[in-house]
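Protein chains in written order, with our numbering: chain A, 1 to 111; chain B, 1001 to 1117.
Even for Gly, the Cβ is constructed at its ideal location relative to N, Cα and C.
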Amino acid sequence: GDSVTQMEGPVTLSEEAFLTINCTYTATGYPSLFWYVQYPGEGLQLLLKATKADDKGSNKGFEATYRKETTSFHLEKGSVQVSDSAVYFCALSQAGTALIFGKGTTLSVSS
Amino acid sequence: GAVVSQHPSRVICKSGTSVKIECRSLDFQATTMFWYRQFPKQSLMLMATSNEGSKATYEQGVEKDKFLINHASLTLSTLTVTSAHPEDSSFYICSARDRPGQNTEAFFGQGTRLTVV
C-alpha cells in the first residue's frame, strides 16, 4: 500500500541555520503531497501542499517541491527561527481518502 | 480556514469505563471525518473513516466494538472508547475536509489526550 517515509529526528539547529527534512513516498497513481506541523500541545496545521509533479508548495519561508522522478517532497527553509520548533509530518492523499502520514520529525531550534 | 473542534482536550478515566470524544466541524459540513490515534513520538495512525448516516469503515487491526464511531449529522462525529484499559491511553485526533477531493486541505481537531488509570 501507499506509504510515507521521512527522516528520523530529532533535528537540532541553531537559529538562522538551513533546514532540510527529507520525505519520500510510495504510491500508485498521482497523490497529492502535504507537510503538516504540530506545535507542542496542539493539533496539526497544514504548512504547505503540492498536487502534481514539479509543483512547489511554500508558506512562512518553508518550501517543498513535488519530485515524481525521485518520489520525494523534501521540506526546506533557508533560515529557521526558534518559533519553528515543532514536529513536522509529511503526508500523502489519494482520491479523497484519509491522509497517510510519515512518522514525524521533531525540530528543535535554539537561539 | 475551516475549523474542526474536538472535545474534550484531555480526559482521565478509570479502567473499565467508557469515554466519548466529540468532533465537530464548526463552519462547514463534513460528510466524511477521519479518526486517528497518535502514540508518543510516532505518527498518526488512521483508525477509521466516519461517514455521515452510515457505518464507519475501520482500518485493519482496529476493534470496532471497542472504538465505536457515530456520525449522526454532517457536523458531528463521535468516538467512544468502551471498557477502556491503560493500553488505550493515547492522543486521539479527528480530521475532516470541507470539500471532497484529494487535493483539498484536511482540517484537524485539537486532539484529545486520553489517560486510563
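Cross-strand partners of residue i (DSSP beta bridge)
i	result
Y1036 of chain B	B:L1046, B:I1093
E76 of chain A	A:T20, A:E63
K1041 of chain B	Note: K1041 of chain B sits in no beta bridge, so no partner.
Y39 of chain A	Bridge partners of Y39 of chain A: none, in fact.
H1007 of chain B	B:E1022
S1015 of chain B	Paired residues: none, contrary to the question.
V1081 of chain B	B:V1019, B:F1067
L44 of chain A	A:Q38
A50 of chain A	A:L33
S110 of chain A	A:S14
V4 of chain A	A:Y25
V1116 of chain B	B:C1013
F1108 of chain B	B:S1095
K56 of chain A	A:T65
F101 of chain A	A:A91
Residue burial classification, residue i (beta-carbon count within 10 angstroms, cutoff 16)
i	result
R1010 of chain B	exposed
Y112 of chain A	Residue 112 of chain A cannot be examined here, being either before or after the span of chain A that is shown, 1 to 111.
A1072 of chain B	exposed
G1 of chain A	exposed
Q1038 of chain B	buried
S111 of chain A	exposed
D1065 of chain B	exposed
V1081 of chain B	buried
F101 of chain A	buried
F1107 of chain B	buried
V1117 of chain B	exposed
V4 of chain A	buried
F18 of chain A	exposed
K49 of chain A	buried
S1077 of chain B	buried
V82 of chain A	exposed
V1060 of chain B	According to the sequence as given, residue 1060 of chain B is Gln; it is not Val. It counts as exposed.
For residue j and residue i, believed in contact at Cβ under 8 Å, the rounded distance
i	j	result
L71 of chain A	G9 of chain A	Here residue 71 of chain A turns out to be Thr, not Leu, going by the sequence shown. The Cβ separation is near 21 Å, so there is no contact.
Y1036 of chain B	L1026 of chain B	Rounded, the Cβ-Cβ distance is 19 Å, inconsistent with contact.
I1069 of chain B	L1079 of chain B	6 Å
F34 of chain A	L99 of chain A	7 Å
V1004 of chain B	C1023 of chain B	7 Å
D1088 of chain B	L1114 of chain B	7 Å
G104 of chain A	S1090 of chain B	No, G104 of chain A and S1090 of chain B are not in contact; Cβ-Cβ is about 15 Å, not under 8 Å.
T1032 of chain B	T1049 of chain B	6 Å
V37 of chain A	V80 of chain A	Incorrect: roughly 12 Å between the Cβ atoms, too far for contact.
E1105 of chain B	L92 of chain A	Going by Cβ atoms, the distance from E1105 of chain B to L92 of chain A rounds to 14 Å, so no, they are not a contact pair.
T1119 of chain B	Q1006 of chain B	With chain B covering only 1001 through 1117, there is no way to say anything about residue 1119 of chain B.
Q94 of chain A	A27 of chain A	7 Å
S1083 of chain B	F1034 of chain B	24 Å between Cβ atoms; not a contact.
Y25 of chain A	F89 of chain A	Not quite, the Cβ-Cβ distance comes to about 13 Å (not below 8 Å), so this is no contact.
T51 of chain A	S32 of chain A	5 Å
K56 of chain A	T65 of chain A	5 Å
8 Å Cβ cutoff, residue i in contact with chain C
i	result
A1030 of chain B	Checking the listed chains, one finds no chain C in this structure; the protein chains it contains are A and B.
Q) Can we say the region 1053–1066 of chain B touches the region 1003–1020 of chain B, given the rule of at least three CB pairs closer than 8 Å? A) No, they do not touch.
Q.
Is it the case that the region 39–46 of chain A contacts the region 60–74 of chain A, given that we only count it when at least three CB pairs across the two stretches are under 8 Å?
A. Too few Cβ pairs lie closer than 8 Å, so no.
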